[in-house]
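Here the structure is laid out as structure tokens; the discussion comes afterwards.
Protein chains: 2
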Amino acid sequence: MPDSNKFNLNDTIAILTRTPVALNALLRGLPEVWTHDNEGEKTWSVFDVVGHLIFGERTDWITRAQIILQHGEERPFDPFDRFAQFKESQGKSLEQLLDEFAQLRKQNVTALRAMNLQPKDLKRRGTHPELGPVTLEQLLATWAAHDLTHLHQISRVMAHQYRDAVGPWTEYLGVMQCGGHSGPKKTKAA
Amino acid sequence: MPDSNKFNLNDTIAILTRTPVALNALLRGLPEVWTHDNEGEKTWSVFDVVGHLIFGERTDWITRAQIILQHGEERPFDPFDRFAQFKESQGKSLEQLLDEFAQLRKQNVTALRAMNLQPKDLKRRGTHPELGPVTLEQLLATWAAHDLTHLHQISRVMAHQYRDAVGPWTEYLGVMQCGGHSGPKKTKAA
Chain A
20 MPDSNKFNLN DTIAILTRTP VALNALLRGL PEVWTHDNEG EKTWSVFDVV GHLIFGERTD
80 WITRAQIILQ HGEERPFDPF DRFAQFKESQ GKSLEQLLDE FAQLRKQNVT ALRAMNLQPK
140 DLKRRGTHPE LGPVTLEQLL ATWAAHDLTH LHQISRVMAH QYRDAVGPWT EYLGVMQCGG
200 HSGPKKTKAA
Chain B
20 MPDSNKFNLN DTIAILTRTP VALNALLRGL PEVWTHDNEG EKTWSVFDVV GHLIFGERTD
80 WITRAQIILQ HGEERPFDPF DRFAQFKESQ GKSLEQLLDE FAQLRKQNVT ALRAMNLQPK
140 DLKRRGTHPE LGPVTLEQLL ATWAAHDLTH LHQISRVMAH QYRDAVGPWT EYLGVMQCGG
200 HSGPKKTKAA
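So the sequence lines, in the order shown, correspond to chains A and B.
Mapped onto this note's numbering, the consecutive letters of the first sequence carry residue numbers 20 to 209.
Mapped onto this note's numbering, the consecutive letters of the second sequence carry residue numbers 20 to 209.
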């Protein structure tokens, strides 16, 4: 393993436990211009992103970790539905979604800790339906990085609402130039 | 004014008041891999970014708003030092910086509210040393968007630490492809 792999289970849990608290502090009670507007057709609002994070807690991370531990590479993960939140979040408020995310994340971190994973467990492999072989360690690293990619997206979607309001300053604001989610990759399942 | 300008003073204050709380929730107590590592030579760590936000509170936003209100376009703003934090933050902990940022932001939002700005005030113009004429409204919009560009940067710098740990998932994570801060623009003053 190259030195550039900085994975550490406690460092990972440090992100996983903070994300719901940080999103709550950033988003609860915000005017809807920040939470319900998006970046244009077929893009996600902050509300959509939080729904997506919830669906990940329900169906992705811990479920896949259990598949790796129980079945190894023999049983591929179920594909993740990146659009489930458009149905699942209907009729809910952002505040309800934030509560739901916080509760599910807490349960899942408890489940992760209860696995009492050892270094050899982290090297166990599973099969991603598109990416092929992946390790449990990579799955857990991705869980934390997935929080960060959506915090990155949330800050960009919010900044987009002021793209015109900032006038000439737009060229100094890196977030207005971010193409991090553009291209065909954004349509793939996580 | 085009409809695409969504500026609203209360919406702006809603961001300004939340940023220090959100950063505190996200960052306080994190292992140093997340807060003190950067993206490579001449890039900023999360610690550097928080120091930069502090320096903005001290010298940029409210100071420039006062210059616009008192002198209009006649007196250009002083250039902003984007590298001041490398000296100013020396010897401090991230927790100290978070406290300092929260306190300064609170004072500055109080000062902003005390200005009791009316629509005609928001259209008043000042002179940016590089960008030329700007309005008070654009300055205030940029204050909020500047918070968001650095939240965007912080999430990217943090995700970068797991660039190798996530293995093949890197292609699904938009944050790993973000070039939002690259190019010559990043060297300019805000």
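All C-beta atoms in this analysis are idealised placements derived from N, C-alpha and C, irrespective of residue type, glycine included.
Exposed unless 16 or more other CB atoms sit within 10 angstroms - verdict on Q196(A): Sequence index remark: in the first sequence, residue 196(A) carries index 177 (1-based). Q196(A) comes out buried.
Residues of its chain near E119(A), where Cβ-Cβ distance is below 7 Å and the 5 sequence neighbours each way are ignored: Looking up residue 119(A) in the first sequence gives position 100. A distance below 7 Å between beta-carbons, with the five flanking residues on each side excluded, links E119(A) to the following residues of its chain, in chain order: I73.
Straight-line Cα distance separating P152(B) from D140(B): Taking the second sequence and counting its residues from 1, one reaches residue 140(B) at position 121. Taking the second sequence and counting its residues from 1, one reaches residue 152(B) at position 133. D140(B) and P152(B): Cα-Cα distance of roughly 15 Å.
Other residues of its chain near V40(B): CB distance less than 8 Å, five sequence neighbours each side excluded: Here residue 40(B) refers to the residue found at position 21 of the second sequence. A121.
Contact belief for E76(B) with R124(B) at Cβ below 8 Å, rounded distance in angstroms: Stepping through the second sequence from its first residue, residue 76(B) is reached at position 57. Stepping through the second sequence from its first residue, residue 124(B) is reached at position 105. Under the criterion of beta carbons closer than 8 Å, E76(B) and R124(B) qualify as touching, at roughly 6 Å.
Best match in V52(B), F66(B), A84(B) and Q126(B) for proximity to F105(B) [C-alpha to C-alpha]: Position 86 of the second sequence, counting from 1, holds the residue named residue 105(B). Among V52(B), F66(B), A84(B) and Q126(B), the Cα nearest to that of F105(B) is on F66(B).
Where the beta strand (DSSP E) through R144(B) begins and ends: As a working mapping, residue 144(B) is identified with position 125 in the second sequence. Run containing R144(B): R144 to H147, per the beta strand (DSSP E) assignment.
Distance between G193(A) and T206(B) (C-alpha atoms, nearest Å): Position 187 of the second sequence holds residue 206(B). Position 174 of the first sequence holds residue 193(A). Unreliable positioning characterises T206(B) in this predicted model, as indicated by a pLDDT of 39, which lies under 50. A coordinate reading is not provided.
Residue of Y191(A), Y181(A), V176(A) and P98(A) minimising C-alpha distance to T54(A): Residue mapping note: residue 54(A) aligns to position 35 of the first sequence, counting from 1. Of Y191(A), Y181(A), V176(A) and P98(A), the residue nearest in Cα terms is V176(A).
beta-carbon G193(A) near the ligand FAD non-hydrogen atom, thresh 6 Å: As far as ligands go, the structure on display features none, and thus does not contain the ligand FAD.
Contact set for T146(B): own chain, Cβ-Cβ below 8 Å, skip 5 residues either direction: For the purposes of this step, residue 146(B) is taken as the residue at position 127 of the second sequence. Once the five neighbours on either side are set aside, the close Cβ partners of T146(B) are E92, E93, R94, P95, F96, P152 and V153.
Minimum Cβ-Cβ distance from R124(B) to chain A less than 7 Å: In the second sequence, the residue the question calls residue 124(B) occupies position 105. No, its Cβ sits nowhere closer than 7 Å to a Cβ of chain A.
Top-ranked residue by Cα proximity to A130(A), from S174(A), R83(A), L150(A) and L113(A): Locating residue 130(A) in the first sequence gives position 111, where the first residue counts as 1. It is R83(A).
Delimiting residues of the alpha helix (DSSP H) encompassing P152(B): As a working mapping, residue 152(B) is identified with position 133 in the second sequence. Per DSSP, P152(B) lies in no alpha helix (DSSP H); the unbroken beta strand (DSSP E) holding it starts and ends at G151 to T154.
Where W53(B) meets chain A, residues with beta-carbon distance less than 9 Å: Stepping through the second sequence from its first residue, residue 53(B) is reached at position 34. Here the neighbours are D30, A33 and I34.
Proximity test, Cβ basis, 7 Å: T62(A) and chain B: For the purposes of this step, residue 62(A) is taken as the residue at position 43 of the first sequence. So, not an interface residue.
Coil, strand or helix - T62(A) by DSSP: Against the first sequence, residue 62(A) aligns to sequence position 43. Looking at T62(A) - three-state DSSP - the assignment turns out to be coil, as it is neither helix nor strand.
Reference L45(B), options V185(B), L170(B), W188(B) and Q180(B), closest by Cα: To locate residue 45(B), count along the second sequence from 1; it is residue 26. Minimum Cα distance to L45(B) is reached at L170(B).
Supposed contact pair L35(B) and V128(B) - C-beta distance, whole angstroms, cut 8 Å: Within the second sequence, residue 128(B) is the residue found at index 109, counting from 1. Within the second sequence, residue 35(B) is the residue found at index 16, counting from 1. Confirmed, Cβ separation roughly 5 Å.
Own chain, CB closer than 7 Å to R47(B), minus 5 neighbours either side, in chain order: For this step, residue 47(B) is matched to residue 28 along the second sequence. Cβ within range, chain order: E114 and L117.
Near-chain A residues of the stretch 98-131 of chain B - C-beta to any C-beta below 8 Å: Listed by position along the chain: nothing, the set is empty.
Neighbouring residues, chain B, relative to K25(A) (Cβ below 7 Å): Locating residue 25(A) in the first sequence gives position 6, where the first residue counts as 1. By Cβ distance, chain B contributes V52, Q180, Y181 and A184.
Cross-chain neighbours of R144(A) in chain B, by beta carbon under 7 Å: Locating residue 144(A) in the first sequence gives position 125, counting from the first residue. Ordered by position in chain B, no residue passes the 7 Å Cβ test against R144(A), which lies about 10 Å from the chain.
Chain-ordered chain B contacts of M177(A) [CB-CB under 8 Å]: Locating residue 177(A) in the first sequence gives position 158, where the first residue counts as 1. For M177(A), the chain B residues whose C-beta falls within less than 8 Å of its own C-beta are I34 and L167, listed in chain order.
As assigned by DSSP and simplified to three states, the class of N29(B): Counted from its first residue, the second sequence places residue 29(B) at position 10. DSSP places N29(B) in helix when its eight states are reduced to three.
Within-7 Å CB hit, W188(A) to chain B: Locating residue 188(A) in the first sequence gives position 169, where the first residue counts as 1. Cβ-Cβ to chain B under 7 Å: yes for W188(A).
Test: G193(B) CB closer than 7 Å to a CB of chain A: Position 174 of the second sequence, counted from the first residue, corresponds to residue 193(B). Chain A has a Cβ within less than 7 Å of the Cβ of G193(B).
Cβ-based burial, H90(B) [other Cβ within 10 Å; buried from 16]: Within the second sequence, numbered from 1, the residue matching residue 90(B) stands at position 71. It is exposed - the Cβ of H90(B) has fewer than 16 other Cβ atoms within 10 Å.
Counted within 10 angstroms of its Cβ, other Cβ atoms place S108(B) as buried (16 or more) or exposed: Taking the second sequence and counting its residues from 1, the one referred to as residue 108(B) is at position 89. S108(B) comes out buried.
Candidates P187(B), Q126(B), Q172(B) and A184(B): closest to T62(B) by CA position: Indexing the second sequence from 1 puts residue 62(B) at position 43. Among P187(B), Q126(B), Q172(B) and A184(B), the Cα nearest to that of T62(B) is on Q172(B).
Minimum Cβ-Cβ distance from K207(A) to chain B less than 7 Å: As a first step, residue 207(A) must be located in the first sequence, where it is residue number 188. Here K207(A) scores only 41 on pLDDT, less than 50, and its place in the model is too uncertain to base an answer on.
Outcome for D30(A) when other beta-carbon atoms lying within 10 angstroms are tallied against a minimum of 16: By one-based count along the first sequence, residue 30(A) stands at place 11. Buried, since its Cβ has 16 or more Cβ neighbours within 10 Å.
Anticipated Cβ contact below 8 Å, W80(A) with L136(A), distance rounded: The sequence position of residue 80(A) within the first sequence is 61, counting from 1. The sequence position of residue 136(A) within the first sequence is 117, counting from 1. Rounded to whole angstroms, the Cβ separation of W80(A) and L136(A) is 13 Å, and the two are not in contact under 8 Å.
Contact list for Q172(A) against chain B, beta-carbon separation under 7 Å: Translated into the one-based positions of the first sequence, residue 172(A) becomes position 153. Against chain B, the beta carbon of Q172(A) has neighbours under 7 Å at G193, listed in chain order.
With 16 other Cβ atoms within 10 Å as the buried cut-off, status of G59(B): For this step, residue 59(B) is matched to residue 40 along the second sequence. Exposed, since its Cβ has fewer than 16 Cβ neighbours within 10 Å.
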